[in-house]
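FYI, the working numbering numbers position 332 of the sequence shown as 1525, with every residue one higher than the one before it.
Glycine residues also receive a C-beta, built at the ideal position from the N, C-alpha and C atoms.
Written out below as structure tokens is the structure these notes cover.
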Amino acid sequence: MNLGRVVQRSARYWSGSLAAIDRTRRLTYAQLDAETSRLATGLMVAGYPAGTHVAIQAPNCTEILAVEVACYRGAMVKVPINARLSAEETVHVVNDSQAQVIVASASHAAALAERRSQMPMLETIVAISGDAGDMTYGQLLDLGTEGVDSLDAEDGQLAVLHYTSGSSGVLKAAMQSYGNRRALLRKNLVRPGRDAGIGSVLGHVGPITHASGMQILPTLYMGGCNVLFDRFDAAEVLTTIERERINRMFFVPTMISRILASGEIARHDLSSLGSVTYGAAPMAPAVVEEAMEAFGPILTQGYGAGETTSTVTLLTAEDHIAALAGDRSRLASCGRSYFENEVRVEREDGTEAAFGEHGEIVVRGPDVMQGYWNAPELTAEVLKDGAYHTGDVATQDEDGYVFIVDRKKDMIISGGFNVYPSEVEKVLYRHPAVFEVAVVGVPDREWGEAVKAVVVARNGAEISSEALADYCRDNLPGFKRPRSFDFAADLPRNPNGKIVRRQVRDVYWADAERKV
């Protein structure tokens, strides 16, 4: 079944039920069906047929949810762009993806319009609001028609260009096919321990252009409602859970830490919650225990990537409960593989590692991407005989539980976002007082990992943490800025004279429970 027909069928079954809610709009299934038909056909009337690459960039809102469904209905290719990317990074993604159309918020549309000459393939900017685009969202709707059936799409046809930094530190797109997205739908339908189905309400705090958005279509398939938060605020999230009777939430660990620290939980009725899932970054077992005390025995953990079209292992609520009653070390696990995908811990030669032996997590299954867009060399590094090599080092126990212990490369995951040291170092090296610098991730209760810069000052230069923080505030997006600075006389090097970032990092992780 074409993914777009999921909404068509749900609109017949539950026409008056709510499908999507944001700060300003509440869409029923009938309204979402009509809007997505008008969007898909409006794009076609504007000259964009099946196969067109359609980008979206905005904070969470019902409009970008509708554009995703419209892309499925028109057998187009969705290009989701993180709303927090810098203007330069956005230009790169638009050009690299060969997007011809972008639907964007007012501020993003204005920023794109200023850089129009840098994006030769981009033909149309559709502004959700404001007048910075070539047309407004409403004008695009006016071009279309309600009640038009979805186009068919084969399993191998490209559906989504999901941009990720992966293991290389450069923005590149995992090619997710319509078959991958159907696999995503299937694995969510069989996912255990979920309050799902007709009347279920799922809250999206993370950007739906990324991991959280992969839960949209499964929720629509089951007759549930997607509640979209355009920002994270602990008190507002808790108030909305109570008001909308949300029963499923996905958080990155940073969000859970902030909610626990807010003191707001006791002031709200959270009895509607039946499932709280965390993922995208490690969470300390002590914080897991605290969260279970606050929310109840409803925590689950998911591990996956854009390259695997979302989750491939689960640590279920029952696993969490059993761990607290017995072996608490299992709270450090990311769970076990389930349904159609196979997750193995492998040695360098491709054989399966023994129980407790370190190896790389390798994923096989119908949800593994088709490769990286226009990047055959990067694809060859991670995709071998159809299996995705994650770059995460782990062990596995006799019961199949996977424990991530390290990463093969130096990527930092801070608050659910990938940060690459070289990107931050490049900026810091431009500061006149910086002679050398090594950027590493260090343990942090709230962020999972926090970005730290260890700096060697130029001879005679005066430098302070405050001055460097101000400099980074002007030159880096928020999630990439170092949260602390240390100063050193020199940095460790290998025999070739290259700074050994791992040795810098190990000092800060010496007493940590997990090395990631």
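| Asked | Found |
| --- | --- |
| Would you kindly report the start and end of the unbroken alpha helix (DSSP H) that includes Arg1436? | Ala1427 to Glu1437 |
| Using DSSP with H/G/I as helix, E/B as strand and the rest coil, what is Lys1645? | strand |
| In angstroms with no decimal places, state the Cα-to-Cα distance between Glu1550 and Lys1601. | 15 Å |
| Do you know offhand how far Tyr1594's Cα is from Glu1307's? | 50 Å |
| Would you mind working out which of Ile1597, Ala1251, Leu1196 and Leu1315 sits nearest Gly1399, comparing C-alpha positions? | Ala1251 |
| Assign Ala1477 to buried or exposed, taking buried as 16 or more other Cβ atoms, counted over all protein chains shown, within 10 Å of its Cβ. | buried |
| Does Thr1217 pass the burial test, meaning 16 or more other C-beta atoms within 10 Å, or should it be called exposed? | exposed |
| Take every Cβ of the stretch 1310-1326, pair it with every Cβ of the stretch 1212-1228, and state whether three or more of those distances are shorter than 8 Å. | no |
| Just to confirm the assignment, what range does the beta strand (DSSP E) spanning Ser1503 have? | Ser1503 to Leu1508 |
| Which one or two residues does DSSP pair with Lys1577 in a beta bridge? | Ala1580 |
| Going by C-alpha distance, which of Val1262, Ala1239, Val1445 and Gly1240 is nearest Ser1203? | Val1262 |
| Candidates Ser1279, Ile1295, Val1284 and Glu1282: which alpha carbon is nearest Cys1264's? | Ile1295 |
| At which residue ranges does the stretch 1509-1556 contain complete alpha helix (DSSP H) runs of 4 or more residues, listed in the order of the chain? | 1510-1518 |
| Excluding five sequence neighbours on each side, which residues of the same chain lie with their C-beta closer than 7 Å to the C-beta of Asp1462? | Glu1435 |
| Given a threshold of 16 other Cβ atoms within 10 Å of its Cβ, counted over all protein chains shown, does Gly1693 qualify as buried or as exposed? | First, the residue type needs correcting, since residue 1693 is Val and not Gly in the sequence shown. Exposed: under 16 other Cβ atoms inside 10 Å. |
| With distances taken Cα to Cα, identify the nearest neighbour of Ser1210 among Gly1472, Arg1695 and Thr1412. | Thr1412 |
| Just to confirm before moving on: does the CB-CB distance between Ala1346 and Thr1357 stay below 7 Å? | no |
| Measure the CB-CB distance between Ile1439 and Val1394 and report whether it falls below 7 Å. | yes |
| Do you know how far the Cα of Tyr1664 is from the Cα of Ala1302? | 27 Å |
| Does the beta-carbon distance from Gly1340 to Gly1235 come in below 7 Å? | no |
| Does the beta-carbon of Met1415 have 16 or more other beta-carbons within 10 angstroms, so that it is buried, or is it exposed? | buried |
| Is the Cβ-Cβ distance between Thr1506 and Cys1527 less than 7 Å? | yes |
| Measuring CB atoms only, is the stretch 1537-1557 touching the stretch 1511-1524, in the sense that at least three cross pairs come out at less than 8 Å? | no |
| For Ser1360, is the classification buried or exposed, using 16 other Cβ atoms within 10 angstroms of its Cβ as the cut-off for buried? | Confidence is the limiting factor: at Ser1360 the pLDDT is only 45, short of 50, which leaves the residue's position unreliable and the question unanswerable from this model. |
| DSSP state of Lys1619, grouped into three classes? | helix |
| Label Tyr1206 either buried or exposed according to how many other C-beta atoms from any shown protein chain fall within 10 Å of its C-beta, with 16 as the threshold for buried. | exposed |
| On the criterion of 16 or more Cβ atoms from any shown chain inside 10 Å, does Asn1652 qualify as buried, or is it exposed? | exposed |
| Give me the DSSP bridge partner(s) of Asn1419. | Ala1213 and Leu1395 |
| Give a yes or no on contact between the stretch 1642-1652 and the stretch 1663-1679, applying the rule of three or more CB pairs nearer than 8 Å. | yes |
| Can you give the Cα-Cα distance for Val1199 and Val1286, rounded to whole angstroms? | 29 Å |
| On the three-state DSSP scale, how would you describe Asp1663? | helix |
| Let me know the secondary structure DSSP gives Ile1321 once reduced to three states. | coil |
| So does the stretch 1443-1457 actually touch the stretch 1621-1630, counting three or more Cβ pairs closer than 8 Å? | no |
| Measuring CA to CA, which of Gly1609, Glu1629, Asp1578 and Asn1534 is closest to Asn1275? | Gly1609 |
| Take the Cβ of Ala1547 as the centre, count every other Cβ of all protein chains shown within 10 Å, and call the residue buried at 16 or more, exposed below. | exposed |
| Once you ignore the five residues that flank Gly1267 on each side, which residues in its own chain have a CB closer than 7 Å to its CB? | Ala1233, Leu1236, Met1237, Ala1243 and Leu1344 |
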